[in-house]
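Engineer: Dropping a structure here in structure tokens format, bear with me for questions.
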Amino acid sequence: MISERSSFVAGSEAQRHSSAIRRKIAILGTRLDSLQSLLTKLPAKQPLTGKEMNRRRHMLANLRTKVTQMASMLNMSSFRNRDNLLGPGTKYLGWWLMMGDYGAGISGRW
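Residue numbering for the sequence shown follows my numbering, starting at 15 and increasing by one per position.
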């Protein structure tokens with residue numbers, strides 16, 4: 015779904031798609047938190063072998079890693095798109111230029 019994002023036309027459609035991806039990643043993270051909570055409460059209700067408990071913990075850890083990777087890919091993709099629009103390194107320059115005379119008091123030019 016993240017790789018499909020670049021195939022959309024730039025603008026509001028791409029923005030809607032990015033928002034949907036972020037929302038789904040957040041929902042998935044919340045559901046993994048719920049599973050983690052249930053996993054810690056499970057032995058009291060239903061005894062599992064140590065091997066099965068470790069298998070489930072490992073599976074949950076792998077899923078959490080994949081969610082983190084997807085979120086990172088989405089953020090890196092967003093930064094890359096911004097750099098394509100503004101050019102590399104212009105985000106800091108733009109901030110200083112935007113301050114204009116408002117930053118004069120900070121640097122002591124007043």
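Cβ coordinates follow ideal geometry from the N, Cα and C atoms, glycine included.
Can you list, in chain order, the residues of its chain whose CB lies under 7 angstroms from that of L74, leaving out five sequence neighbours each side?
Structural biologist: L46, L49, Q50, L53
Engineer: Would you check if the distance between the CB atom of V81 and the CB atom of G43 is smaller than 8 angstroms?
Structural biologist: Inclusion of V81 and G43 in the CB contact set at 8 angstroms is warranted, their separation being smaller than that value.
Engineer: Could you tell me whether the region 84-91 touches the region 33-42, using the rule of 3 or more Cβ pairs below 8 angstroms?
Structural biologist: The region 33-42 and the region 84-91 touch, with three or more beta-carbon pairs separated by less than 8 angstroms.
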